[in-house]
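Comments concern the structure below.
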Amino acid sequence: MRFFRYLRRNKRLAAGIFILTFLFLFATLGRLIAPPERAYPLAVPPNKPPSPEYPFGTDSQGRDLLATIVMGTYLTVRIGVLAGVIGLAVGTFLGFISAYYGGVLDTIIRWVVDVLLTVPGLLVLVVIAAMLQRTLKPTSLSLILALLAWMGPTRTIRSQVLSLRERAFVRVAKLSGENNLEIIFKELFPNLLPYLGASLVGSVTGAIFASLGLEQLGLGAMREPTLGMTIYWVQYYGAFVRGLWWWILEPVAVIVLIFMGLFFLSAGLDEFANPRVRRVV
Amino acid sequence: MRAAYLLRRFGLLLAVVWTAATLNFFLPRLSPRNPVRERIIQMATSGGYVEQGIDKMVKAYEAKFGLDQPLWKQYLRYLGDMARLDLGYSLSAYPKRVIDLIAEVIGWSVGIALFTLLVSFTLGSLLGALIAWPKSPKFLQYLVAPLMTISSVPAYIFGLVLVYFLAFRVKIFPMSGGFTLGTVPDNSLAYYMDVAKHAVLPALSVILVSLGGWALGMRGMMVTVEGEDYMILAEAKGLKDRRLFLKYAVRNALLPQITGLGLSLGYLVTGQILVESLFGFPGIGSLLNRSIFVYDYNAILGITFLLILSIGVVTLILDLIYPLLDPRIRTGEGK
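Chains as they are written, first to last, in our numbering: chain A, 1 to 281; chain B, 282 to 616.
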C-alpha cells in the first residue's frame with residue numbers, strides 16, 4: 001500500500017509501470033485469443049483489413065497481425081531484456097572490480113569502456129550480425145546485443161561504488177571487521193539497487209533500439225515475427241504504396257508504447273534514486 | 282597538462298580506429314565459414330564457371346589478396362590498407378572499389394546530416410533557452426513533456442508515421458528516393474526543388490526526434506546559468522532583457538551543448554542511416570542496406586569502418602575546438 005501511495009507522488013514511475021504492465025498483459029493474454037502459429041506465413045488469408053474475425057487485419061505473407069504483434073511484443077521485449085540483463089550483470093561485475101580493486105585492472109577496464117563507448121554500437125553490431133546473417137535467431141541476436149550492452153552499466157556502477165566506499169558506514173563496517181565480500185553484499189549492494197534498476201532499464205532500452213535497427217537493415221531472425229522484422233516486411237512488401245495502413249500503424253504503435261513505457265520507468269526510477277534532483281520533466 | 286590531454290585524446294582515436302579495423306579483420310575469419318570466400322565462390326558459380334575454374338579463381342584470389350600468407354602478415358597488411366583507406370573491391374559491383382561506391386553517395390548523406398543537425402541544434406537550443414527563460418510565455422512549459430516523449434522513440438519509427446500521413450494519406454511529399462525517377466540530375470532550379478521535396482520527410486523525422494534532446498540539454502544549462510552571480514549583477518545593472526538573454530545566458534549555456542554534440546554524434550549517424558534506408562534516400566544508409574541485402578561483405582565492412590573513422594575524427598575536432606569557443610579561456614583580448 002505504501003508503494004501505491006508513493007506512485008501517486010511519482011507520476012512518471014506510475015505511468016511507466018502502467019504502460020509496461022499493459023504490454024505484458026497484451027503479450028501474455030493475447031496468446032489466448034490469437035494462437036502463436038498464426039504469426040507465421042500462410043496461416044490466414046493475406047491483405048485483409050481489420051474485421052471481427054481478424055481484429056488487427058492480416059499481412060501480405062498471410063500472418064494474422066494480432067498474433068504477429070502479440071508474438072512480436074513478447075520476442076522483441078525478450079531480446080531486449082535478455083541482452084540488458086547480461087549487460088547489467090557483466091557491467092556490475094566489472095564496475096565493482098574496477099572501483100573496488102583499482103590499479104592496473106581499473107585502468108584497463110576504463111580504457112576499454114571509453115573506446116567502446118566512442119564507437120557507435122550499431123555499426124559494430126552490423127558487422128557481427130552480417131557475418132551470422134542467415135543463422136540468426138532471436139536468442140543469438142540478444143547475445144550479440146549483449147556484447148555491447150555492458151559498458152554503460154560498468155561506468156555507472158564504477159562511479160557509484162567509488163563514491164559509496166568512502167562513506168562513513170562503509171568505513172565503520174570495515175573497522176568492525178567485515179571482509180570485502182561482506183562489505184560488497186551487505187553494505188554496497190543494497191545502496192546500489194536504484195542505480196542497478198535504472199541501468200537495467202537503460203541497457204534494455206538500448207538493446208531494443210539496436211535490435212530494431214539491425215532488423216530494419218535486414219539483419220534479424222528472418223523467420224521470426226519480432227516487431228523489427230514486421231517493420232522490415234512492411235517495407236519489403238511496399239505496404240505504403242498499397243495503403244495497408246493497419247500493417248504499418250500497429251507495430252509502430254506498439255514500439256512507441258514500449259519506448260514510452262521504458263522512458264517513463266527510467267525517469268521515475270531516477271526520481272526514486274535521487275529525490276533531491278530537480279525533475280527533468 | 283595540455284600536451285598530455287592532446288596525447289590521450291589522439292590515443293583514444295587511434296584505439297577506436299584500431300579496434301574497428303581489428304574487428305573487421307577477425308570477425309569474418311572467426312565465423313565458421315569465411316563469408317568473403319563463400320561469396321566469391323557464389324559469384325563464380327552464378328557467372329557460369331566450371332568447378333575447376335572456381336578452384337583456380339579462389340587460388341588466384343588468395344594469392345592476389347595475400348590469403349596464402351600467415352595470419353599475422355595478412356593482419357598487418359590489412360591494417361596498412363585501412364590506414365590508406367583502401368577498403369578493397371565491392372563484391373556486388375565488382376570492378377568498382379568500395380571507396381568509390383561510398384564517394385558516389387556520401388554527398389547526399391553529409392548534406393542532409395548537416396542540414397538536420399543545424400536545424401535541430403539551433404531550433405532545439407533556442408527552444409530550450411526560451412523554455413528556461415523566466416520571462417517567456419508560460420505555454421512553452423507544456424512543450425517539455427511531448428518533446429521528451431518523442432525523443433525517446435527511434436527516428437525511423439517516427440518516419441514511418443510521417444510517411445503514412447504526409448506521403449500516403451495526404452500526398453504532399455514523395456514517399457521515397459532522393460529525386461523523381463527519370464529526372465536527369467542537372468543544375469536547374471527544378472531539379473534542386475525536386476531534391477529538396479524528397480529530403481523533407483527524412484529530414485523532418487530526424488529533426489523532430491533530436492529536437493527534444495537539444496532543448497532539454499539547453500534548458501538544464503540555462504537554469505544553472507540563471508543562478509550565477511554575474512546574471513544577478515547584470516540584471517541589477519539594469520541591462521536590457523534582450524542583452525541579458527542572448528549575451529549572458531545563451532552565450533554561456535550554449536557551450537556544453539557542443540560537448541553534447543560530440544557525445545551524440547554516433548547516435549545521430551546511426552539514426553540517420555536507419556532513416557535513409559527507410560526512405561530509400563540515396564545516401565550511405567541506403568548503400569549499407571543494399572550491401573546487406575546482396576551480401577556484399579567488403580562494402581559492409583568498408584562502410585562501417587569509414588563511418589567509425591569519421592565519427593572519431595569529428596569528435597576529436599569538436600573536443601579540440603571546444604576550448605577556443607569558451608570565452609573564459611580565450612586570452613589576449615581586452616585588458
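All residues carry an ideal CB built from backbone N, CA and C; glycine is no exception.
For residue i, which of the options has the nearest alpha-carbon?
i	options	result
V400 (chain B)	B:D607, B:V490 and B:A580	B:V490
L492 (chain B)	B:S406, B:I602 and B:I581	B:S406
S163 (chain A)	A:P138, A:L192, A:L136 and A:M151	A:L192
P153 (chain A)	A:V113, A:K186, A:Y100 and A:I258	A:V113
M260 (chain A)	A:R5, A:T156 and A:I17	A:I17
V85 (chain A)	A:R223, A:W150 and A:A34	A:W150
P435 (chain B)	A:A67, A:L42, A:P194 and A:L212	A:L212
P483 (chain B)	B:I554, B:G361 and B:R290	B:I554
T461 (chain B)	B:R450, B:M474, B:F396 and B:N468	B:M474
A364 (chain B)	B:A296, B:G459, B:I488 and B:L605	B:A296
F169 (chain A)	A:Y6, A:D59 and A:K186	A:K186
S486 (chain B)	B:V442, B:Y375 and B:L525	B:V442
N533 (chain B)	B:E509, B:A517 and B:V556	B:E509
G91 (chain A)	A:L32, A:F3 and A:Y195	A:Y195
Y237 (chain A)	A:A34, A:P46 and A:L23	A:P46
I383 (chain B)	B:I581, B:D600, B:P309 and B:L606	B:I581
L597 (chain B)	A:N10, A:S266, A:V119 and A:G102	A:V119
R523 (chain B)	B:P415, B:V425 and B:Y472	B:P415
T430 (chain B)	B:F396, B:V556, B:A496 and B:S457	B:A496
P418 (chain B)	B:S433, B:P427 and B:L408	B:L408
T551 (chain B)	B:S457, B:I584 and B:M512	B:I584
Y356 (chain B)	B:A477, B:F454, B:S558 and B:N305	B:N305
R63 (chain A)	A:A83, A:F96 and A:A34	A:A34
Taking all protein chains shown into account, decide if residue i is buried (16 or more other Cβ within 10 angstroms of its Cβ) or exposed.
i	result
T403 (chain B)	exposed
R8 (chain A)	exposed
L262 (chain A)	buried
V280 (chain A)	Note that V280 (chain A) has pLDDT 47, beneath the 50 cutoff, so the model's placement of it is unreliable and no number is given.
L287 (chain B)	exposed
V124 (chain A)	buried
I602 (chain B)	exposed
G282 (chain A)	The structure shown does not extend to residue 282 (chain A), since chain A is modelled only from 1 to 281, so the question has no answer here.
R158 (chain A)	buried
E215 (chain A)	buried
G202 (chain A)	buried
N468 (chain B)	exposed
E37 (chain A)	exposed
P604 (chain B)	exposed
R289 (chain B)	exposed
E385 (chain B)	exposed
I208 (chain A)	buried
L12 (chain A)	According to the sequence displayed, residue 12 (chain A) carries Arg and not Leu. Buried.
M1 (chain A)	exposed
Y359 (chain B)	buried
P639 (chain B)	Nothing can be reported for residue 639 (chain B): it is not among the residues displayed for chain B, which extend from 282 to 616.
Under the criterion of a Cβ to heavy atom distance below 7 Å, does residue i qualify as lining the ligand NAD?
i	result
F454 (chain B)	Only the bare structure without any ligand can be found here, which leaves the ligand NAD out of the picture.
With three or more C-beta pairs closer than 8 Å as the rule, is the segment 70-88 of chain A touching the segment 223-233 of chain A? The segment 223-233 of chain A is in contact with the segment 70-88 of chain A.
Could you name the residues of the segment 203-218 of chain A whose beta carbon sits closer than 7 Å to any beta carbon of chain B, in the order they occur along the chain? F209, L212, G213, Q216, L217 and G218
Could you list the residues in the segment 120-149 of chain A with a C-beta less than 8 Å from some C-beta on chain B, going in chain order? P120, G121, L122, L123, V124, V126, V127, I128, A130, M131, L132 and Q133
Selection of the segment 584-611 of chain B by Cβ proximity to chain A, strictly under 8 Å: T585, L588, I589, I592, G593 and T596
In chain order, what residues of the segment 263-276 of chain A put their CB closer than 7 Å to some CB of chain B? F263
Give, in chain order, every unbroken run of the alpha helix (DSSP H) that is at least 4 residues long and sits entirely within the segment 541-574 of chain B. 565-574
Near-chain B residues of the segment 219-247 of chain A - C-beta to any C-beta below 8 Å: L219, I231, V234, Q235, F240, V241, G243 and W245
Please list the residues of the segment 428-446 of chain B that have a C-beta atom closer than 8 Å to any C-beta atom in chain A, keeping them in chain order. Of all residues in the segment 428-446 of chain B, the ones placed with a Cβ closer than 8 Å to any Cβ belonging to chain A are M429, T430, S433, V434, P435, Y437, I438, L441, V442, V444 and Y445, in chain order.
Can you list, in chain order, the stretches of the alpha helix (DSSP H) that have 4 or more residues and sit fully within the segment 110-186 of chain A? 121-132, 138-146, 151-164 and 168-175
Residues, ordered as in the chain, of the segment 249-263 of chain A that lie near chain B by beta-carbon distance below 7 Å: L249, V252, I255, V256, F259, M260 and F263
Enumerated in chain order, which unbroken segments of the alpha helix (DSSP H) with a length of 4 residues or greater are wholly contained in the segment 282-311 of chain B? Counting only runs of 4 or more, we get 283-311.
Determine which residues of the segment 81-108 of chain A have a Cβ less than 7 Å from any Cβ of chain B, and write them out in chain order. none
Any alpha helix (DSSP H) of 4 or more consecutive residues that is wholly inside the segment 379-432 of chain B: List check, alpha helix (DSSP H) in window: 379-413 and 425-432.
For the 8 Å Cβ check, are there 3 or more pairs between the segment 580-592 of chain B and the segment 287-307 of chain B? yes
Mind the definition here: the segment 61-71 of chain A touches the segment 243-258 of chain A only if three or more C-beta pairs lie below 8 Å; say whether that holds. yes
Listed from N- to C-terminal order along the chain, which residues in the segment 288-313 of chain B have their beta-carbon within a distance smaller than 7 Å of any beta-carbon of chain A? L293, A296, V297, T300, A301, L304, N305, L308, P309 and S312
Output needed in chain order: residues of the segment 396-418 of chain B with a Cβ under 8 Å from some Cβ in chain A. none
Are the segment 386-393 of chain B and the segment 552-567 of chain B in contact at 8 Å, needing three or more beta carbon pairs? yes
Any residues in the segment 569-582 of chain B with a beta carbon nearer than 9 Å to a beta carbon of chain A? Which ones, in chain order? L569, N570, S572, I573, F574, Y576, Y578, I581 and L582
Quick one: which unbroken alpha helix (DSSP H) runs of 4-plus residues sit fully inside the segment 448-497 of chain B? Chain order, please. none
Cβ pair count under 8 Å reaching 3, the segment 100-116 of chain A against the segment 46-64 of chain A: no
Is it true that the segment 356-371 of chain B meets the segment 569-584 of chain B, where meeting means three or more beta-carbon pairs spaced less than 8 Å apart? yes
For the 8 Å Cβ check, are there 3 or more pairs between the segment 438-457 of chain B and the segment 239-249 of chain A? yes
Note down, in chain order, all residues in the segment 517-543 of chain B with a beta-carbon under 7 Å from any beta-carbon belonging to chain A. none
Which whole runs of the alpha helix (DSSP H) in the segment 227-253 of chain A are 4 residues long or more, in chain order? 227-236
What residues from the segment 556-569 of chain B come within 8 Å of chain A, judged by C-beta to C-beta, listed N to C? S558, L559 and L569
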